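Peer 1: Pasting a structure below so you can have a look.
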Amino acid sequence: MTARVPAAADAARATRAEVCVVACAEVWRGDGEVLAATAGTVPALGARLARLTFSPRLLLTDGEAMLLSTPVGAPEDPAPAEGWLPYRKHLSLAARGKRHMMMGASQLDRYGNQNISCIGDWARPRRQLLGARGAPSNTVNHPVSYWVPRHSPRVFVPRVDTVSGVGYDRAAEAGPAAARFHELRRVVTDLAVFDFATPDHRMRLASVHPGVSVAQVCEQTGFEPAVPDQVPVTREPTGEELRLLREVLDPHGNRDREVRT
Amino acid sequence: MDKSLSLAGFAARIESGMTVGIGGWGARRKPMALVRALLRTDVADLTVVSCGGPDVGLLAAAGRISKLVAPFVTLDSVPLEPHFRAAREAGALEFEEWDESMFLWGLTAAAHRLPFMPVRAGIGSDIPRHNPRLRTVTSPYQDGEELLAAPALTLDVTLVHLNRADVRGNGQSLGPDPFFDDLFTEAAEHTYLSCERVVDHFTGPPQSLLVQRQNVTGVLHTPRGAHFTACAPDYGRDEAFQRAYLRAAQDPDAWRRFEEHFLAGDEHAYQRAVDGFAQREATV
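In order, the protein sequences belong to chains D and Z. According to the working numbering, the first sequence is numbered sequentially starting from 1. According to the working numbering, the second sequence is numbered sequentially starting from 1.
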């Protein structure tokens, strides 16, 4: 180890937001030359961290039309661009499957159905949100993960009010065209990490963040997730990951605005 | 061959009940001067087809939209559009919610004069459940996949704003993203193209010559005509103004004052009021 500060000492001081960034980065571990697309600050930092460490072949965008040749540097500097990915080509890339996106979710249910469209009756919503955006196509074309910065029973509901992103039960019901490329990888929240590694793809508690109890997670989840006998603790960031995050990727601490400590 | 048109001349050609495509994306390169020109008329009952931003917001706030076809409505730096939200929550407009890929292929179908294009997008989601006109189509080949048939988004008129244009109706996009603007013009019977600058000759890479004159009916010179949305590289989004728009939208009285201050006069008056706003912001 060449880290200036011993990894153990640094890890002890990792904030919840930093644990979340690393848990987000982990969703892209093992992904090859695919676009790591994100919505939100913590997933964007996670994708950049993964690219700088264990998933170096990932593609990243500047959030508009350019592919970044390095995840570091001023956005107005044209030098870091390695490619052009305007909206239309971005949709082709997604349809081709060369993408793993971490989306947000206003609601999620136990099979991973996601809603970002509206709350209440769709015909006359109590609260109109964004609209479906690309959630229907993303979920039937390539791996999708979700990021929930405030884990609560308002987000984790027994049934979503409307299905924007397709969950496992709905993909199976809709047939081969929906299920062929459907894969929900993980759900990362400010409290825990879930996956869908159960026989019927129900959401399963994969780990709880340091300092969080399984009971606390279940209390904040509006359905019963699968809970293994032994729930691991989400891994601590390494010293090098903390250095990259604090000194290179997010020196102004934008991560703390999205996750309460 | 001079297709130059005034804003009033353009607005007179738009009739109530038309299906109107609006280019740009969210709060990026929206033909806002053309939208403001429509607000000065009494045109109503429009079906608007848009990757929605404040274009949808302004038309919805003025009660001009009877039906909206869109995959989202957003202000980008602020995720939710306040007037669109209010209209939906009040049941003031009919909403056809599309997925982004469906939207791309619906425009493409119209541009190619095809009735539909097959897409994977939408299958399994609630998009087809909320929209009874959507149908699936089964592949005649060995795979036999059942896909969604995105219907052609055929448009009566399209409004787009580009960086440069000539009077013949050729349009140039100098920013990083053309969005769907060329597709919109190909899906429409008539296109009205506004631009930052009218030029005699284009300079820049040939790939930037996005819109072609055979698809354009009228050309409008509207400097800062995308304001307050971004129009790279000519200018960025006016975030301070967008915040003021957002604040005003929270309350009916504040919105009436906003309309009186910014939207009661012609485009020249709007731009003068925006300059005044910027000066006040700078001195605060």
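All residues carry an ideal CB built from backbone N, CA and C; glycine is no exception. Since the model is a prediction, treat every value here as computed from it, not as a measurement.
Residues of the stretch 98-111 of chain D in Cβ contact with chain Z at a cutoff of 7 Å, in chain order, please.
Peer 2: Per Cβ criterion, the list is empty.
Peer 1: Report the neighbours of Z:P79 on chain D: residues whose CB is nearer than 7 Å to its CB, in chain order.
Peer 2: Walking along the second sequence from the start, residue 79 of chain Z turns up at place 79. Within 7 Å Cβ-Cβ: L130.
Peer 1: Given a threshold of 16 other Cβ atoms within 10 Å of its Cβ, counted over all protein chains shown, does Z:L114 qualify as buried or as exposed?
Peer 2: Numbered from its first residue, the second sequence carries residue 114 of chain Z at position 114. Answer is exposed; the Cβ neighbour count stays below 16.
Peer 1: Which residue comes first and which comes last in the alpha helix (DSSP H) that contains Z:R256?
Peer 2: Working through the second sequence from its first residue, we reach residue 256 of chain Z at position 256. Where Z:R256 is concerned, the enclosing alpha helix (DSSP H) stretches over 252-258.
Peer 1: Report yes or no: is there a C-beta of chain Z within less than 7 Å of the C-beta of D:W147?
Peer 2: Residue numbering aside, residue 147 of chain D sits at position 147 when the first sequence is read from its first letter. No, no contact with chain Z.
Peer 1: With respect to the alpha helix (DSSP H) encompassing Z:W25, which residues constitute its N-terminal and C-terminal limits?
Peer 2: As a first step, residue 25 of chain Z is located in the second sequence; it is residue number 25 there, counting from the start. Careful: Z:W25 lies outside any alpha helix (DSSP H) and carries neither H nor E.
Peer 1: Kindly provide the ranges of any beta strand (DSSP E) runs that are 3 or more residues long and lie completely inside the stretch 132-158 of chain D, ordered along the chain.
Peer 2: Runs found: 144-148.
Peer 1: Could you list the residues in the stretch 120-138 of chain Z with a C-beta less than 9 Å from some C-beta on chain D, going in chain order?
Peer 2: Those residues of the stretch 120-138 of chain Z that come within reach of chain D (Cβ to Cβ, closer than 9 Å) are R120, A121, G122, I123, G124, S125, D126, I127, R129, H130, T136.
Peer 1: When the cut-off is 7 Å and only beta carbons count, does D:L85 lie next to chain Z?
Peer 2: On the first sequence, residue 85 of chain D is found 85 positions in, with the first residue counted as 1. Not closer than 7 Å to any Cβ of chain Z, the Cβ of D:L85 fails to qualify, so no.
Peer 1: Quick one: grab the DSSP three-state call for Z:H208.
Peer 2: Your numbering for residue 208 of chain Z matches position 208 in the second sequence. Strictly speaking, residue 208 of chain Z in this sequence is Ser, with His absent from that position. Note: Z:S208 maps to helix in three-state DSSP.
Peer 1: Please list, in chain order, all residues of the same chain as Z:F241 whose beta carbon is under 7 Å from its beta carbon, the five residues on each side excluded.
Peer 2: Taking the first residue of the second sequence as 1, we reach residue 241 of chain Z at position 241. Around Z:F241: F228, V274, F277.
Peer 1: Are D:L244 and D:L52 touching if we call contact CB-CB under 7 Å?
Peer 2: Sequence index remark: in the first sequence, residue 244 of chain D carries index 244 (1-based). Sequence index remark: in the first sequence, residue 52 of chain D carries index 52 (1-based). Contact flag set, yes.
Peer 1: Please report how far the alpha carbon of Z:G21 lies from the alpha carbon of D:M203, in whole angstroms.
Peer 2: The count along the second sequence starts at 1 and reaches residue 21 of chain Z at position 21. The count along the first sequence starts at 1 and reaches residue 203 of chain D at position 203. Using only the alpha carbons, I get a separation of about 41 Å.
Peer 1: Keeping to the same chain, check which residues put their C-beta closer than 6 Å to that of D:D31; ignore five residues upstream and five downstream.
Peer 2: Position 31 of the first sequence holds residue 31 of chain D. Only S55, H100 meet the Cβ criterion.
Peer 1: Would you say D:I116 and D:A135 are within 7 Å of each other, going by their C-beta atoms?
Peer 2: Position 116 of the first sequence, counting from 1, holds the residue named residue 116 of chain D. Position 135 of the first sequence, counting from 1, holds the residue named residue 135 of chain D. Yes.
Peer 1: By the DSSP assignment, the alpha helix (DSSP H) with Z:M32 in it spans what residues?
Peer 2: Here residue 32 of chain Z is taken as the residue at index 32 of the second sequence, counted from 1. Element bounds for Z:M32: 32-39.
Peer 1: Do you know offhand how far D:E258's Cα is from D:V27's?
Peer 2: Here residue 258 of chain D corresponds to residue number 258 of the first sequence, with the count starting at 1. Here residue 27 of chain D corresponds to residue number 27 of the first sequence, with the count starting at 1. For D:E258 and D:V27, the distance between alpha carbons rounds to 19 Å.
Peer 1: What does Z:G91 reach in chain D if we use C-beta pairs closer than 7 Å?
Peer 2: For the purposes of this step, residue 91 of chain Z is identified with residue 91 of the second sequence, where counting begins at 1. The answer, in chain order, is R124.
Peer 1: Report the neighbours of D:G134 on chain Z: residues whose CB is nearer than 9 Å to its CB, in chain order.
Peer 2: Taking the first residue of the first sequence as position 1, residue 134 of chain D is located at position 134. Within chain Z, the residues near D:G134 are P71, F72, D99, E100, S101, A121.
Peer 1: Given D:R4, which residues of its chain have a CB within under 7 Å of its CB, disregarding the five upstream and five downstream residues?
Peer 2: Your numbering for residue 4 of chain D matches position 4 in the first sequence. At D:R4, the pLDDT of 44 sits below 50, so the modelled position is not reliable and the matter cannot be decided from this model.
Peer 1: Using the C-alpha atoms, what's the distance from D:D121 back to Z:R88?
Peer 2: Within the second sequence, residue 88 of chain Z is the residue found at index 88, counting from 1. Within the first sequence, residue 121 of chain D is the residue found at index 121, counting from 1. Cα to Cα, Z:R88 sits roughly 11 Å from D:D121.
Peer 1: Select from Z:Q271, Z:P233, Z:F262, Z:V216 the residue whose C-alpha is nearest the C-alpha of Z:T222.
Peer 2: Position 222 of the second sequence holds residue 222 of chain Z. Of Z:Q271, Z:P233, Z:F262, Z:V216, the residue nearest in Cα terms is Z:Q271.
Peer 1: So with Cβ pairs under 7 Å, would you call D:R170 a contact of chain Z?
Peer 2: The residue you call residue 170 of chain D lines up with position 170 of the first sequence. At least one chain Z Cβ lies under 7 Å of D:R170.
Peer 1: Assuming D:K98 is part of the beta strand (DSSP E), what are its boundary residues?
Peer 2: Against the first sequence, residue 98 of chain D aligns to sequence position 98. First-last for D:K98: undefined, no H or E at that position.
Peer 1: Kindly say whether D:L35, judged by its beta-carbon, lies nearer than 7 Å to any beta-carbon of chain Z.
Peer 2: Within the first sequence, the letter at position 35 stands for residue 35 of chain D. No, D:L35 lies away from the interface with chain Z (no Cβ there is under 7 Å from its Cβ).
Peer 1: Only counting the same chain, and skipping five residues up and downstream in sequence, which positions put a Cβ closer than 6 Å to that of Z:D55?
Peer 2: Here the question's residue 55 of chain Z lines up with position 55 in the second sequence. Counting only Cβ-Cβ distances below 6 Å, and skipping sequence neighbours, we find I22, K30, V35.
Peer 1: Cα-Cα, which of D:M103, D:G40, D:V155 is closest to D:T221?
Peer 2: One-based indexing of the first sequence puts residue 221 of chain D at position 221. The shortest Cα separation from D:T221 among D:M103, D:G40, D:V155 belongs to D:V155.
Peer 1: Please determine if the stretch 43-50 of chain Z and the stretch 59-76 of chain Z are in contact, where contact requires at least 3 C-beta pairs separated by less than 8 Å.
Peer 2: With a cut-off of 8 Å, the stretch 59-76 of chain Z and the stretch 43-50 of chain Z count as touching, because enough Cβ pairs lie within range.
Peer 1: With three or more beta-carbon pairs closer than 8 Å as the criterion, would you say the stretch 168-180 of chain Z touches the stretch 80-89 of chain D?
Peer 2: Taking 8 Å as the limit for Cβ pairs, the verdict is that the stretch 80-89 of chain D does touch the stretch 168-180 of chain Z.
Peer 1: Measure the alpha-carbon distance for Z:T217 versus Z:P140 and round it to whole angstroms.
Peer 2: One-based indexing of the second sequence puts residue 217 of chain Z at position 217. One-based indexing of the second sequence puts residue 140 of chain Z at position 140. Distance between the alpha carbons of Z:T217 and Z:P140 is about 40 Å.
Peer 1: DSSP has Z:P151 in a bridge; who is on the other side?
Peer 2: In the second sequence, counting from the first residue as 1, residue 151 of chain Z sits at position 151. In the DSSP output, where bridge partners are listed per residue, Z:P151 has Z:F116.
Peer 1: With 7 Å as the limit, tell me which residues of the stretch 174-195 of chain D have their beta carbon closer than that to any beta carbon of chain Z; keep them in chain order.
Peer 2: Of all residues in the stretch 174-195 of chain D, A174, G175, P176, A177, A178 have a Cβ within less than 7 Å of some Cβ in chain Z.
Peer 1: Under 7 Å, Cβ to Cβ, is there at least one residue of chain D near Z:A37?
Peer 2: As a working note, residue 37 of chain Z is residue 37 in the second sequence. So, not an interface residue.
Peer 1: From the beta carbon of D:S137, is the nearest beta carbon of chain Z less than 7 Å away?
Peer 2: For the purposes of this step, residue 137 of chain D is taken as residue 137 along the first sequence, with counting starting at 1. Chain Z contact via Cβ: present.
Peer 1: Below 8 Å on the Cβ atoms is my guess for Z:W105 versus Z:V119; work out the distance and round it to an integer in Å.
Peer 2: Start at 1 with the first residue of the second sequence, and residue 105 of chain Z comes out as number 105. Start at 1 with the first residue of the second sequence, and residue 119 of chain Z comes out as number 119. Yes, Z:W105 and Z:V119 are in contact; Cβ-Cβ is about 5 Å, under 8 Å.
Peer 1: Along chain D, which residues have their Cβ under 7 Å away from the Cβ of Z:F179?
Peer 2: Position 179 of the second sequence, counted from the first residue, corresponds to residue 179 of chain Z. Residues of chain D passing the Cβ test: Y87.
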